[in-house]
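Per the working numbering, the very first residue in the sequence shown carries number 716; after that it's consecutive. Backbone N, C-alpha and C define an ideal beta-carbon position, used for all residues, glycine too. Below is one structure; the comments refer to it alone.
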Amino acid sequence: MKKGATGKMSRASAAIDVPPKADERALAQHTAMLLAAIIHADGTVNGDEVALARQACEEFGIPLELLDAALGSAMADPMESFVATLMRVEHPADRERLASILFEIASVDEKLDDREVRMLRAMQQVWGVSVSFLNKPIEWDDDQLRVIEADRSARLLVSAGPGMGKTAVACSRVAHLVEFDDVADTNVWLVSFTRSAIAELKGRIGDFAEDPSNVFAVKISTIDSQAWKIRYGFSPEEVEKLFGGFETGIDAATELIDARMDDFRDIFGDLEHLIVDEAQDITGGRARFLLKLIDLLPKDCGITVFHDPAQAIYDYAAGEELFRFTDGLAALLGEDLQRRSLKKIYRTDEAPLLKLYEDLRLDILGNADVGADSFQSKTDLVKSAAVSQGKGFDHDALDGYDDALVLFRKRMEVAQASAFMAGDGHRHRLRMSGLGRFALPWLALVLGKTETRELERAEFAERSAEARDRFPPLLFGEDIEGNSVEARWDRLSRYAGMRGDRIDLFKLRSRLAGAPPDEFMAPEFGHTGPILGTIHASKGREADHVFLQINDNWGARSGADEKDLSEEARVLFVGATRAKRSLAVQGGFAMKFASTTESGRCYRKMPKYKNGYQFQLGLQGDFDAYSPLKLAKSLDTATAEDLPLRCRARLEPGTWLWRVETETGVPLGTLSKRVTNDLYEISNKYHGSGRRLNDQIRNIFLMGFGSMIAAPGDERLNGAKQNGATSGFWLVPQLCGLPLVFV
716 MKKGATGKMS RASAAIDVPP KADERALAQH TAMLLAAIIH ADGTVNGDEV
766 ALARQACEEF GIPLELLDAA LGSAMADPME SFVATLMRVE HPADRERLAS
816 ILFEIASVDE KLDDREVRML RAMQQVWGVS VSFLNKPIEW DDDQLRVIEA
866 DRSARLLVSA GPGMGKTAVA CSRVAHLVEF DDVADTNVWL VSFTRSAIAE
916 LKGRIGDFAE DPSNVFAVKI STIDSQAWKI RYGFSPEEVE KLFGGFETGI
966 DAATELIDAR MDDFRDIFGD LEHLIVDEAQ DITGGRARFL LKLIDLLPKD
1016 CGITVFHDPA QAIYDYAAGE ELFRFTDGLA ALLGEDLQRR SLKKIYRTDE
1066 APLLKLYEDL RLDILGNADV GADSFQSKTD LVKSAAVSQG KGFDHDALDG
1116 YDDALVLFRK RMEVAQASAF MAGDGHRHRL RMSGLGRFAL PWLALVLGKT
1166 ETRELERAEF AERSAEARDR FPPLLFGEDI EGNSVEARWD RLSRYAGMRG
1216 DRIDLFKLRS RLAGAPPDEF MAPEFGHTGP ILGTIHASKG READHVFLQI
1266 NDNWGARSGA DEKDLSEEAR VLFVGATRAK RSLAVQGGFA MKFASTTESG
1316 RCYRKMPKYK NGYQFQLGLQ GDFDAYSPLK LAKSLDTATA EDLPLRCRAR
1366 LEPGTWLWRV ETETGVPLGT LSKRVTNDLY EISNKYHGSG RRLNDQIRNI
1416 FLMGFGSMIA APGDERLNGA KQNGATSGFW LVPQLCGLPL VFV
């Protein structure tokens, strides 16, 4: 689904006769500068944008060296350069033909960044051209339009398979409600089961509004297990009043709603539309909780629910009782619930993948009971659509696939594959549940040396330039959209802005400490390379190339019943339908005997070693994030090393802390006591209490870096060295591995 422009001119009209100019060279230079500025606008130089600009130069007879020179010039403020150059293009015909190509370049990546929108609006005002640039595909299909443009009070249950534009439709539904149906953005609530779905909605919802600021205040939240923080309109005082704090369990919160029905009805009285995403995964207590809230909504409050039964892969979390939200919704709303379906697949144009998406989904939806033979037939169907097959995990086949998804069924399999790749020096990223989550490293790199409470825009730009000169580009995520200096400043200003184009760093630290908003969080563990992860953690994602790991044990477990295999078939379907251009199948790993500690850590006894275990490292809380503050030197020197970097940990006598250092002896900090506790848990389980731990752990890998932020007044900063303790922002290492440990 492509975006485009409508107006007086189109690309086809670029062939009209252009009146002679006194200075064609000057016009060519102006054109090159405008093209370069719009390419630089969102902080990245997109290859598709450059290709389109070069094509336009060839059509307009503009020397390509002028474009290359403009692209290579330093643009401290692309907007300023753009507006200044607009004034120099005088002839209406030149303006008209350039307006069209500038729009196409801005939207070739299928979205309009807000900085690109500002440029295009400036073009409209300065040139007086009539170009409409709505952030939505040129053409929605009829099924999508029936959802997007449905009545504001309609209550819809929308079935949408993978790649059918469900997220785009959900975001456009919000934009349409706000911009055409007079629904206040503050009165729209989007809720989903998964964090990944919420992150995608947050990142894209503004793309489908004519003015992204129109939908800035839409409430977007997960249904999570931490006391069900109902973020819609609740102040901390209201949460305390209604729930007794944020730690109330789901079932208890549901009971409180029954007891305080009038209070909740008042709070939700202004809600005008509720959108629920990934509804097939909302089960059990979560389902009852959300249904209870829906029952409180005003009768004219619209509801749009998106689901796909073929992608229900969290049934195991429901335990013995499986109660689905969608079933309860149908019972609650009865005839008021209107059913819609999206049917066309947009994720891929590849014929084998299209056939796989359609055939496998129909197979799963039409056959609820899945036995071993049936599951095998589904894996055969997946393999038939693959461009290649391998017997085991082959990381050499991943060379050159920086944006590939490499998907495994189990976390232990991901950890094993990562250990192999890191050991051979192959850069990669990780995405699976339980891993440590990190704030983006640029926060520490840019703000780590600040000693004042306030920071001005100019000083932020200066510090950003200094940091960019000192540290590797991969730590700044320069290939990630929205990472220009201007975009980063705008992001900080939204949370801690002050008058006079300044930010309050104390306010910023208070907002980011503990659990920073998703827009400040690194999307993966590591910075570059193919993304290794579980299928569950990659749900809702897509990539040009997917390497799906199907080992011989998947679906052939002894004693697996039809209920288990039915869910496994849906997991297989989700994994196979992430691909846009190619799907490859590898054999992965058959790790039959992996176990988990009470904290959720994977480990596996190694038969070759009497007391040896593979032991997963890299979970949330494994590393003491405050320990780098106690080092004699900061971690800056480690950032210059090639990643991944092999490290080791030594047990410090008498403290039970593991001090981590690179193989060359550069200290990084300490592991937390939870690592020691889990090692003792394994030791006690298999060998009895009273045993001593080996004092070394090798084959830990430094994958990258993140930022740690402490709130003002955090006592853990007292007595720390000056490695970020003054500013409250400091760098922390991303450590992981599957080392062999002895207990």
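Checklist entry - Start and end of the alpha helix (DSSP H) containing residue 784? => result As a first step, residue 784 must be located in the sequence shown, where it is residue number 69. It spans 779–787 - the alpha helix (DSSP H) in which residue 784 sits, taken as one unbroken run.
Next on the checklist: Can you tell me whether residue 1281 is buried or exposed? The criterion is at least 16 other CB atoms within 10 Å of its CB, across all chains shown.
Outcome noted: Position 566 of the sequence shown, counted from the first residue, corresponds to residue 1281. Counting the other Cβ atoms within 10 Å of the Cβ of residue 1281 gives 16 or more, which makes it buried.
Item to check | Which listed residue (1266, 877, 1144) has its alpha carbon closest to that of residue 1074 | outcome: Residue mapping note: residue 1074 aligns to position 359 of the sequence shown, counting from 1. The shortest Cα separation from residue 1074 among 1266, 877, 1144 belongs to 877.
Item to check | Where the alpha helix (DSSP H) containing residue 1325 begins and where it ends | outcome: Counting from 1 along the sequence shown, the entry for residue 1325 is found at position 610. Unbroken run through residue 1325: none, as it is neither H nor E.
Next on the checklist: If we require 3 or more residues per run, which beta strand (DSSP E) segments fall completely within the region 1077–1159?
Outcome noted: Those beta strand (DSSP E) runs which fall completely within the region 1077–1159 and span 3+ residues are 1120–1123, 1144–1146.
Checklist entry - If you draw a straight line from the C-alpha of residue 1318 to the C-alpha of residue 818, how long is it? => result Residue mapping note: residue 1318 aligns to position 603 of the sequence shown, counting from 1. Residue mapping note: residue 818 aligns to position 103 of the sequence shown, counting from 1. Distance between the alpha carbons of residue 1318 and residue 818 is about 53 Å.
Checklist entry - Does the region 1148–1164 come close enough to the region 1279–1297 to have 3 or more Cβ pairs within less than 8 Å? => result Counting C-beta pairs closer than 8 Å gives fewer than three between the region 1148–1164 and the region 1279–1297, which falls short of the contact rule.
Checklist entry - Is the Cβ-Cβ distance between residue 1290 and residue 1122 less than 7 Å? => result Position 575 of the sequence shown, counting from 1, holds the residue named residue 1290. Position 407 of the sequence shown, counting from 1, holds the residue named residue 1122. Between residue 1290 and residue 1122, the C-beta spacing is below 7 Å.
Next on the checklist: Could you check whether residue 1160 and residue 1186 sit closer than 7 Å to each other, using their CB atoms as the reference points?
Outcome noted: Numbered from its first residue, the sequence shown carries residue 1186 at position 471. Numbered from its first residue, the sequence shown carries residue 1160 at position 445. Contact: yes.
Item to check | Three-pair Cβ contact test at 8 Å for the region 760–770 versus the region 795–810 | outcome: Result no; under three Cβ-Cβ pairs closer than 8 Å.
Checklist entry - Does the distance from the C-beta atom of residue 1170 to that of residue 1218 stay below 7 Å? => result One-based indexing of the sequence shown puts residue 1170 at position 455. One-based indexing of the sequence shown puts residue 1218 at position 503. Yes; because the gap between Cβ atoms is below 7 Å, this pair is in contact.
Next on the checklist: Measuring only the C-alpha atoms, how far is residue 1328 from residue 1391?
Outcome noted: By 1-based counting over the sequence shown, the position of residue 1328 is 613. By 1-based counting over the sequence shown, the position of residue 1391 is 676. Per the coordinates, the alpha-carbon of residue 1328 lies some 14 Å from the alpha-carbon of residue 1391.
Checklist entry - How about residue 1208 and residue 758: are their beta carbons less than 7 Å apart? => result Within the sequence shown, the letter at position 493 stands for residue 1208. Within the sequence shown, the letter at position 43 stands for residue 758. No.
Checklist entry - Counting along the chain, where does the beta strand (DSSP E) carrying residue 1017 start and finish? => result Residue numbering aside, residue 1017 sits at position 302 when the sequence shown is read from its first letter. In this chain, the beta strand (DSSP E) harbouring residue 1017 covers 1017–1022.
Checklist entry - If you drop the 5 nearest sequence neighbours on each side, which residues of the same chain put their C-beta closer than 6 Å to that of residue 1189? => result Residue numbering aside, residue 1189 sits at position 474 when the sequence shown is read from its first letter. Contacts found: 1242, 1243.
Checklist entry - Would you call residue 1130 buried or exposed, if buried means 16 or more other Cβ atoms sit within 10 Å of its Cβ? => result Indexing the sequence shown from 1 puts residue 1130 at position 415. Residue 1130 counts as buried, since no fewer than 16 other beta carbons sit within 10 angstroms of its beta carbon.
Item to check | beta strand (DSSP E) segment containing residue 1377, residue limits | outcome: Position 662 of the sequence shown, counted from the start, is the residue given in the question as residue 1377. Segment 1372–1377, the beta strand (DSSP E) holding residue 1377.
Item to check | Residue span of the beta strand (DSSP E) that contains residue 1415, given as start and end | outcome: The residue labelled residue 1415 in the question sits at position 700 within the sequence shown. Counting along the chain, residue 1415 sits inside the beta strand (DSSP E) bounded by residues 1411–1424.
Next on the checklist: Taking DSSP's pairing of strands, which residues face residue 1186 in a bridge?
Outcome noted: Your numbering for residue 1186 matches position 471 in the sequence shown. In the DSSP secondary-structure assignment, residue 1186 is not bridged to any residue.
Next on the checklist: Nearest by alpha-carbon distance to residue 1314: which of 1382, 1386, 1396 is it?
Outcome noted: Here residue 1314 corresponds to residue number 599 of the sequence shown, with the count starting at 1. Closest by C-alpha distance to residue 1314, out of 1382, 1386, 1396, is 1396.
Next on the checklist: For residue 1447, list the residues DSSP reports as bridge partners.
Outcome noted: Locating residue 1447 in the sequence shown gives position 732, where the first residue counts as 1. According to DSSP, which records beta bridges pairwise, residue 1447 is partnered with 1421.
Checklist entry - What's the C-alpha gap between residue 867 and residue 832? => result Counting from 1 along the sequence shown, the entry for residue 867 is found at position 152. Counting from 1 along the sequence shown, the entry for residue 832 is found at position 117. The straight-line gap from Cα to Cα measures roughly 27 Å.
Checklist entry - Nearest to residue 1324 by CA position, among 991, 1457, 794, 903, is which residue? => result On the sequence shown, position 609 is the one that residue 1324 refers to. Measuring from the Cα of residue 1324, the nearest candidate turns out to be 1457.
Checklist entry - What is the C-beta distance between residue 1076 and residue 1025, in whole angstroms, given that I count them as a contact (C-beta under 8 Å)? => result Translated into the one-based positions of the sequence shown, residue 1076 becomes position 361. Translated into the one-based positions of the sequence shown, residue 1025 becomes position 310. With a contact defined as Cβ atoms closer than 8 Å, residue 1076 and residue 1025 qualify at about 5 Å.
Next on the checklist: By the three-class DSSP mapping on this structure, what secondary structure does residue 1345 have?
Outcome noted: For the purposes of this step, residue 1345 is identified with residue 630 of the sequence shown, where counting begins at 1. Three-state DSSP puts residue 1345 in a helix.
Checklist entry - Looking only at its own chain, which residues have a Cβ that is under 6 Å from the Cβ of residue 874, when we skip the five neighbours before and after it? => result Locating residue 874 in the sequence shown gives position 159, counting from the first residue. In the same chain as residue 874, and ignoring 5 residues on each side of it, the C-beta atoms closer than 6 Å to its own belong to 1056, in chain order.
Item to check | Coil, strand or helix - residue 1196 by DSSP | outcome: As a first step, residue 1196 must be located in the sequence shown, where it is residue number 481. With a pLDDT of only 49 at residue 1196, under the threshold of 50, the placement of this residue in the model should not be trusted, and no figure is reported.
Item to check | Nearest neighbour of residue 1168, chosen from 1089, 1383, 1222, 1176 [CA to CA] | outcome: Within the sequence shown, numbered from 1, the residue matching residue 1168 stands at position 453. Of the listed residues, the one whose Cα sits closest to residue 1168 is 1222.
Checklist entry - Can you give the Cα-Cα distance for residue 1100 and residue 1093, rounded to whole angstroms? => result Counting from 1 along the sequence shown, the entry for residue 1100 is found at position 385. Counting from 1 along the sequence shown, the entry for residue 1093 is found at position 378. Going by the C-alpha atoms only, they are around 11 Å apart.
Item to check | For residue 1382: DSSP bridge partner residues | outcome: Here residue 1382 corresponds to residue number 667 of the sequence shown, with the count starting at 1. In the DSSP output, where bridge partners are listed per residue, residue 1382 has 1376.
Checklist entry - Alpha carbon to alpha carbon, how far is residue 1004 from residue 969? => result Here residue 1004 corresponds to residue number 289 of the sequence shown, with the count starting at 1. Here residue 969 corresponds to residue number 254 of the sequence shown, with the count starting at 1. Computed Cα separation, rounded: 6 Å.
Checklist entry - Alpha carbon to alpha carbon, what distance is there between residue 773 and residue 933? => result Within the sequence shown, the letter at position 218 stands for residue 933. Within the sequence shown, the letter at position 58 stands for residue 773. If you take the alpha carbons of residue 933 and residue 773, they lie about 43 Å apart.
Checklist entry - Looking at the structure shown, is residue 904 part of a helix, part of a strand, or coil, going by DSSP? => result Translated into positions along the sequence shown, residue 904 becomes position 189. In this structure, residue 904 counts as strand in the three-state DSSP scheme.
Item to check | Whether residue 1423 touches residue 1340 by CB criterion (7 Å) | outcome: As a first step, residue 1423 is located in the sequence shown; it is residue number 708 there, counting from the start. As a first step, residue 1340 is located in the sequence shown; it is residue number 625 there, counting from the start. Yes.
Next on the checklist: What does the alpha-carbon distance come out to for the pair residue 716 and residue 794?
Outcome noted: For the purposes of this step, residue 716 is taken as residue 1 along the sequence shown, with counting starting at 1. For the purposes of this step, residue 794 is taken as residue 79 along the sequence shown, with counting starting at 1. Any reading at residue 716 must be qualified, since the residue scores a pLDDT of 35, below 50, and its modelled position is unreliable; no value is offered.
Next on the checklist: Using 7 Å as the threshold, is the C-beta distance between residue 1120 and residue 1258 below it?
Outcome noted: Indexing the sequence shown from 1 puts residue 1120 at position 405. Indexing the sequence shown from 1 puts residue 1258 at position 543. For residue 1120 and residue 1258, yes; Cβs fall inside 7 Å.
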